[in-house]
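See structure below.
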Amino acid sequence: MSIRHGLLALLERGPRYGSQLRTEFESRTGSTWPLNVGQVYTTLARLERDGLVAPGGEDAAGHTLYVITDTGSAELRQWYERPVDRANPPRDELSIKLAMAVGSPGVDIRAVIQSQRHATIRAMQDYTRLKAQALTAVESGDAHERDDVAWLLVLEQLIFQTEAEARWLDHCEARLVRLSLPADRRAAAPRPSPAAEPVNPPAATAAPGSSRTDPATTTTTTPPSSARARRG
Amino acid sequence: MPDQRPSQSPVLQLDQLVRTHGSGATEVHALRGINLSVFPGELVAVMGPSGSGKSTLLTLAGGLDTPTSGRVIVEGTDITAVGRKQLAAMRRRSIGYVFQDYNLIPALTAAENVALPRELDGISARKARVSALAALEEMGLRQLADRFPDEMSGGQQQRVAIARALVGDRRLVLADEPTGALDSETGESVLALLRSRCDAGAAGVLVTHEPRFAAWADRVVFLRDGSVVDETLRSHADSLLSGRAAGQ
Numbered sequence: 011m012s013i014r015h016g017l018l019a020l021l022e023r024g025p026r027y028g029s030q031l032r033t034e035f036e037s038r039t040g041s042t043w044p045l046n047v048g049q050v051y052t053t054l055a056r057l058e059r060d061g062l063v064a065p066g067g068e069d070a071a072g073h074t075l076y077v078i079t080d081t082g083s084a085e086l087r088q089w090y091e092r093p094v095d096r097a098n099p100p101r102d103e104l105s106i107k108l109a110m111a112v113g114s115p116g117v118d119i120r121a122v123i124q125s126q127r128h129a130t131i132r133a134m135q136d137y138t139r140l141k142a143q144a145l146t147a148v149e150s151g152d153a154h155e156r157d158d159v160a161w162l163l164v165l166e167q168l169i170f171q172t173e174a175e176a177r178w179l180d181h182c183e184a185r186l187v188r189l190s191l192p193a194d195r196r197a198a199a200p201r202p203s204p205a206a207e208p209v210n211p212p213a214a215t216a217a218p219g220s221s222r223t224d225p226a227t228t229t230t231t232t233p234p235s236s237a238r239a240r241r242g
Numbered sequence: 208m209p210d211q212r213p214s215q216s217p218v219l220q221l222d223q224l225v226r227t228h229g230s231g232a233t234e235v236h237a238l239r240g241i242n243l244s245v246f247p248g249e250l251v252a253v254m255g256p257s258g259s260g261k262s263t264l265l266t267l268a269g270g271l272d273t274p275t276s277g278r279v280i281v282e283g284t285d286i287t288a289v290g291r292k293q294l295a296a297m298r299r300r301s302i303g304y305v306f307q308d309y310n311l312i313p314a315l316t317a318a319e320n321v322a323l324p325r326e327l328d329g330i331s332a333r334k335a336r337v338s339a340l341a342a343l344e345e346m347g348l349r350q351l352a353d354r355f356p357d358e359m360s361g362g363q364q365q366r367v368a369i370a371r372a373l374v375g376d377r378r379l380v381l382a383d384e385p386t387g388a389l390d391s392e393t394g395e396s397v398l399a400l401l402r403s404r405c406d407a408g409a410a411g412v413l414v415t416h417e418p419r420f421a422a423w424a425d426r427v428v429f430l431r432d433g434s435v436v437d438e439t440l441r442s443h444a445d446s447l448l449s450g451r452a453a454g455q
């Protein structure tokens, strides 16, 4: 996450002091990525060293102000124009966990998936509730409207991200069910499934009943359900 | 089932609900003993892969199908134990159904569509129209009252269908993939309406495979192979971000 460019973007609107930058950064992103004042000052010092910002005197209350330089404005412009680098995908604990769970003896991968799905959907419920509040704030259009819009965009990004994860989990489960028959034939002796612990979003209990696994098999049990009647 | 509002009785209660299709070798267990209570003010989403029993659950809850065993209690009445006539009356008075393809009657205006269940219930056409207009007004749809379905967008039709589902004293809305035919922005406005009706005291059950729409619910129930395997409760949204902040 680029604090440097975030601070430059705020300074582009006019001179600001350190804790003011922190407050504005957080109100736009709803404290999703909280900054401490130390980080702000360290970053400002580096920006100053690189000639992207300069000291701009003091305000009436004696706060040291910073202003963006021409070089800083040029760097900011470039940041907006340059797409975020996707060449090196960030390490994703959930992907790694599922990659490791495939074929691992004694791991009920469907329980792992359901446990994560629970946590992911629950995070989405929370984000959606916050989004409904943010929408109300934007529609009521008070003085902080611009910050509310920024916060709404951040929330929607979180919702899309969790949605992608939930969809991917559904896909993984469907894929594993389809592949389960040959896998079962090769499956080794049964072992008890360890409690699945979801990644990041708040604690969730392991799925009750999701270990409804036939003791004669391991990983991906349950026969294909294509024969089941009706939609839904 | 966790009872969030112990002082109120559920609008819908599913008790050990079983639905089996066929028998012997071709027997299919669509639902295997489902328990679920939905209280006033609550929106419950039901998720699960195809064939998990989501739609079966909804058709049973709406009295459109009969369970193999178990009870469906709507507003205190077990609809599996009443005669056809009383069941039809229950469906007119107490159960609102919202379908993926809206199911508005093309020859009737929005207001007439919304008034229809009341009229069928023997209320005078004038009174039914008054309550239909009130329902449309309350949902911000008054301007659509005199339009025919083919003069409305999909999202508008679906919002009118929600008004029809909740006209008069009805406070149970069963929605089967209500956003299935809508683009994501419009789908969201339909969900926002459903959410606000539940916030105003209705009880809703939403069947969907879209996590983003399920996330509008207070509770998400996961079905697999006819059983509830898991469910989420909504935590306090504001604690989420402070929790994240503390963890970083």
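Protein sequences appear in the order of chains A and B. Per the numbering used here, residue 11 is the first one in the first sequence, and the count goes up by one each step. Per the numbering used here, residue 208 is the first one in the second sequence, and the count goes up by one each step. C-beta: ideal position from N, C-alpha, C; glycine also.
Whole-angstrom C-beta distance between residue 438(B) and residue 427(B), which should lie under 8 Å: Yes, they are in contact, since the Cβ atoms of residue 427(B) and residue 438(B) sit about 6 Å apart, within 8 Å.
C-alpha gap between residue 399(B) and residue 384(B), whole angstroms: Going by the C-alpha atoms only, they are around 14 Å apart.
Residue 177(A): contacting residues in chain B (beta-carbon distance under 7 Å): Within 7 Å Cβ-Cβ: 418.
Secondary structure, alpha helix (DSSP H): runs of 4+ residues fully inside the segment 277-326 of chain B: Unbroken alpha helix (DSSP H) runs of no fewer than 4 residues, entirely contained in the segment 277-326 of chain B, are found at 291-300, following chain order.
With 16 other Cβ atoms within 10 Å as the buried cut-off, status of residue 411(B): Around the beta carbon of residue 411(B), 16 or more other beta carbons sit within 10 angstroms, so the residue counts as buried.
Sub-8 Å separation of residue 370(B) and residue 342(B) beta-carbons: Yes, the Cβ-Cβ distance between residue 370(B) and residue 342(B) is below 8 Å.
Beta carbon proximity, residue 234(B) to chain A, threshold 8 Å: No - not a single Cβ of chain A is within 8 Å of the one on residue 234(B).
Proximal residues, the segment 98-131 of chain A versus chain B, C-beta separation under 9 Å: Listed in sequence order: 120, 124, 125, 127, 128, 129, 130 and 131.
Within-8 Å CB hit, residue 217(A) to chain B: For residue 217(A), the predicted model reports a pLDDT of 38, less than 50, meaning its position is unreliable; a value from the coordinates is still stated below. With 8 Å as the cut-off, residue 217(A) counts as an interface residue toward chain B.
Residue burial classification, residue 90(A) (beta-carbon count within 10 angstroms, cutoff 16): The residue is exposed, with fewer than 16 neighbouring Cβ atoms inside 10 Å.
Alpha-carbon spacing of residue 94(A) relative to residue 38(A), whole angstroms: Roughly 19 Å between the two C-alpha positions.
In chain order, each beta strand (DSSP E) run of at least 3 residues that lies wholly inside the segment 61-113 of chain A: Listed in chain order, the complete beta strand (DSSP E) runs (minimum 3 residues) inside the segment 61-113 of chain A are 63-68 and 74-78.
Proximity test, Cβ basis, 8 Å: residue 135(A) and chain B: It does: the Cβ of residue 135(A) has a partner Cβ on chain B nearer than 8 Å.
Within 8 Å, strictly: CB atoms of residue 28(A) and residue 63(A): No, these two residues do not count as a Cβ contact at 8 Å.
Extent of the continuous alpha helix (DSSP H) to which residue 136(A) belongs: The continuous alpha helix (DSSP H) containing residue 136(A) extends over residues 119-150.
Range covered by the alpha helix (DSSP H) that runs through residue 370(B): Unbroken alpha helix (DSSP H) run through residue 370(B): 361-372.
Contact with chain B by residue 220(A), beta-carbon distance below 8 Å: With a pLDDT of only 39 at residue 220(A), under the threshold of 50, the placement of this residue in the model should not be trusted; the figure read from the coordinates follows. So yes, residue 220(A) belongs to the interface.
Pick from 113(A), 115(A), 109(A) and 104(A) that is closest to residue 129(A), judged by C-alpha positions: Closest by alpha carbon: 104(A).
Nearest neighbour of residue 334(B), chosen from 314(B), 319(B) and 433(B) [CA to CA]: Among 314(B), 319(B) and 433(B), the Cα nearest to that of residue 334(B) is on 319(B).
Contact with chain B by residue 13(A), beta-carbon distance below 8 Å: No, residue 13(A) lies away from the interface with chain B (no Cβ there is under 8 Å from its Cβ).
Beta-carbon separation (whole angstroms), residue 248(B) vs residue 405(B), contact threshold 8 Å: Your pair residue 248(B) and residue 405(B) checks out as a contact, with CB atoms roughly 6 Å apart and the cut at 8 Å.
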